[in-house]
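In this note's numbering, the protein residues as written are 12 to 273.
Every residue, glycine too, gets a C-beta built ideally from N, C-alpha and C.
In this text, all values refer to a predicted model and were calculated from it rather than measured experimentally.
Working notes for the structure below.
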Ligand code: SF4
């Protein structure tokens with residue numbers, strides 16, 4: 012491909028998205044992602060510096076990338092992370108700069124991230140029941156994560172705020188409906204994403220997946236849904252509540268086998 016030609020995939024589709032993992036470290040220990048004692052982290056000298064990330068993103072932007080998502084690990088544990096956001100937001104061609112976070116450090120960094128130019132934020136929450144959240148993440152941190160969600164939602168410039176959940180088979184109907192309320196009452200987009208093998212504890216089994224159809228059935232027992240047109244290139248099915256609350260629940264059929272934090 013000549014230098015400067017737009018990036019295309021094998022089917023000739025333009026590539027406009029770039030995902031940058033800024034660290035492999037994390038302050039949670041979700042049992043489906045990593046063991047309780049953590050992982051052998053990548054040595055610091057092998058991690059891209061802010062300058063290197065900025066240079067790479069600028070090169071990709073020159074090739075047509077417009078949407079950049081910052082992920083980890085947990086991106087907010089990277090020191091001076093908002094400074095990286097500011098560098099990337101200033102790059103010509105970067106039109107959409109987003110972040111996927113577990114939310115633990117979000118309340119403390121929300122204002123700085125917004126000032127630096129973050130456009131959208133996804134917060135990963137797998138249960139809205141405190142004990143269950145602790146069981147999954149091995150951290151008693153639900154309240155702190157919800158405070159982070161509130162903090163970022165206070166900035167209308169950051170929109171939409173999405174909540175990613177990986178529903179496990181034992182996720183009860185009550186918990187699913189708590190997510191619905193979060194969507195209906197707070198305006199967050201809730202996305203249920205299937206559990207996939209990552210797989211820190213080698214714990215993945217097909218019977219550990221709560222299918223999107225099952226989640227959708229739980230929602231529909233309480234709320235009528237209508238399906239919205241699928242977004243271009245999206246594997247997710249998107250639904251709105253039929254009673255006029257124009258809040259979406261994406262992925263009840265969980266077609267997106269994406270790492271949920273990313
Ligand atoms: S799933 Fe995300 S929040 Fe949980 S341990 Fe892995 S990187 Fe951290």
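Open item on the list: Check whether the stretch 121-131 and the stretch 162-175 touch, using three or more Cβ-Cβ pairs below 8 Å as the test.
Closed with: yes
Task: Range covered by the beta strand (DSSP E) that runs through residue 192 - done: As a first step, residue 192 must be located in the chain shown, where it is residue number 181. It is not in any beta strand (DSSP E) - residue 192 instead sits in the alpha helix (DSSP H) that spans 184-197.
Open item on the list: For the ligand SF4, I want to know if residue 50 counts as a neighbour, meaning its beta carbon is within less than 7 Å of at least one of the ligand's heavy atoms.
Closed with: As a first step, residue 50 is located in the chain shown; it is residue number 39 there, counting from the start. Exclusion of residue 50 from the 7 Å shell around the ligand SF4 follows from its C-beta lying no nearer than that to any non-hydrogen atom of the ligand.
Open item on the list: Using a Cβ distance threshold of 8 Å, determine whether the stretch 100-119 contacts the stretch 147-163, with at least three qualifying pairs required.
Closed with: yes
TODO: Return the first residue and the last residue of the alpha helix (DSSP H) that residue 107 is part of.
DONE: By one-based count along the chain shown, residue 107 stands at place 96. Segment 107-112 is the beta strand (DSSP E) holding residue 107; no alpha helix (DSSP H) there.
Task: Which of helix, strand or coil DSSP assigns to residue 89 - done: Position 78 of the chain shown holds residue 89. Three-state result, residue 89: coil.
Open item on the list: Considering only their Cβ atoms, is the gap separating residue 203 from residue 172 smaller than 8 Å?
Closed with: Looking up residue 172 in the chain shown gives position 161. Looking up residue 203 in the chain shown gives position 192. Contact check for residue 172 against residue 203 fails: the beta carbons are separated by 8 Å or more.
Task: the stretch 82-101 touching the stretch 17-26, judged by at least three CB pairs closer than 8 Å - done: no
Task: Residue range of the alpha helix (DSSP H) that includes residue 145 - done: On the chain shown, residue 145 is found 134 positions in, with the first residue counted as 1. First-last of the alpha helix (DSSP H) with residue 145: 141-148.
Task: Span of the alpha helix (DSSP H) around residue 156 - done: Your numbering for residue 156 matches position 145 in the chain shown. It spans 153-164 - the alpha helix (DSSP H) in which residue 156 sits, taken as one unbroken run.
- [ ] Determine, using beta-carbon pairs with one atom in the stretch 24-41 and one in the stretch 69-85, whether at least three such pairs fall under 8 Å.
- [x] yes
Task: Element boundaries [beta strand (DSSP E), containing residue 239] - done: Taking the chain shown and counting its residues from 1, one reaches residue 239 at position 228. Per DSSP, residue 239 belongs to the beta strand (DSSP E) from 236-239.
Open item on the list: For the ligand SF4, is there any heavy atom lying closer than 7 Å to the beta carbon of residue 119?
Closed with: In the chain shown, the residue the question calls residue 119 occupies position 108. The answer is no for residue 119.
Open item on the list: Is residue 148 a contact residue of the ligand SF4, with contact defined as CB to any heavy atom under 7 Å?
Closed with: For the purposes of this step, residue 148 is taken as the residue at position 137 of the chain shown. Because some heavy atom of the ligand SF4 lies under 7 Å away, the Cβ of residue 148 counts as near it: yes.
- [ ] Please state whether DSSP places residue 251 in a helix, a strand or coil.
- [x] For this step, residue 251 is matched to residue 240 along the chain shown. Strand.
TODO: Please say whether residue 139 and residue 193 have beta carbons closer to each other than 8 Å?
DONE: For this step, residue 193 is matched to residue 182 along the chain shown. For this step, residue 139 is matched to residue 128 along the chain shown. It is a contact, given that the beta carbons lie within the stated cut-off.
Open item on the list: So, at 6 Å on beta carbons, what are the nonlocal neighbours of residue 270 in its own chain, with the 5 sequence-adjacent residues on each side left out?
Closed with: The sequence position of residue 270 within the chain shown is 259, counting from 1. Caution applies to residue 270, whose pLDDT of 39 falls short of 50 and renders its modelled position unreliable; the model cannot decide the point.
Task: Straight-line gap, residue 182 to residue 236 (C-alpha atoms, nearest Å) - done: As a position in the chain shown, residue 182 is number 171, starting the count at 1. As a position in the chain shown, residue 236 is number 225, starting the count at 1. The straight-line gap from Cα to Cα measures roughly 20 Å.
Task: Neighbour-count burial assignment, residue 110, 16 or more Cβ in a 10 Å radius - done: The residue you call residue 110 lines up with position 99 of the chain shown. Flag for residue 110 reads buried.
Open item on the list: Does the beta-carbon of residue 203, which I'm using as the reference point, lie nearer than 7 Å to any heavy atom of the ligand SF4?
Closed with: In the chain shown, the residue the question calls residue 203 occupies position 192. Checking every heavy atom of the ligand SF4 against the Cβ of residue 203, none is found closer than 7 Å.
Open item on the list: Are the CB atoms of residue 143 and residue 186 within a distance shorter than 8 Å?
Closed with: Along the chain shown, one-based indexing puts residue 186 at 175. Along the chain shown, one-based indexing puts residue 143 at 132. Yes, these two residues count as a Cβ contact at 8 Å.
- [ ] Confirm the yes/no value for this check: CB of residue 84, any heavy atom of the ligand SF4, distance under 7 Å.
- [x] Here residue 84 is taken as the residue at index 73 of the chain shown, counted from 1. Checking every heavy atom of the ligand SF4 against the Cβ of residue 84, one is found closer than 7 Å.
Open item on the list: Can you tell me whether residue 135 sits near the ligand SF4, meaning its C-beta is under 7 Å from at least one heavy atom of the ligand?
Closed with: Translated into the one-based positions of the chain shown, residue 135 becomes position 124. Under cutoff, so the answer is yes.
Open item on the list: Checking 8 Å against the spacing of the C-beta atoms, do residue 238 and residue 248 come in under that value?
Closed with: As a position in the chain shown, residue 238 is number 227, starting the count at 1. As a position in the chain shown, residue 248 is number 237, starting the count at 1. It is a contact, given that the beta carbons lie within the stated cut-off.
Open item on the list: Out of 41, 254 and 197, which one is the CA nearest neighbour of residue 137?
Closed with: For this step, residue 137 is matched to residue 126 along the chain shown. Checking every option, the nearest Cα to that of residue 137 belongs to 41.
TODO: State the beta-bridge partners of residue 200 as determined by DSSP.
DONE: Counting from one through the chain shown, the residue named residue 200 turns up at place 189. According to DSSP, which records beta bridges pairwise, residue 200 is partnered with 173.
Open item on the list: Going by the DSSP bridge assignment, what does residue 19 pair with across the sheet?
Closed with: Along the chain shown, read from residue 1 onward, the residue named residue 19 stands at position 8. According to the DSSP secondary-structure assignment, residue 19 is paired through a beta bridge with 25.
Task: Rounded Cβ spacing between residue 102 and residue 69 (contact assumed at less than 8 Å) - done: Here residue 102 corresponds to residue number 91 of the chain shown, with the count starting at 1. Here residue 69 corresponds to residue number 58 of the chain shown, with the count starting at 1. Confirmed, about 5 Å.
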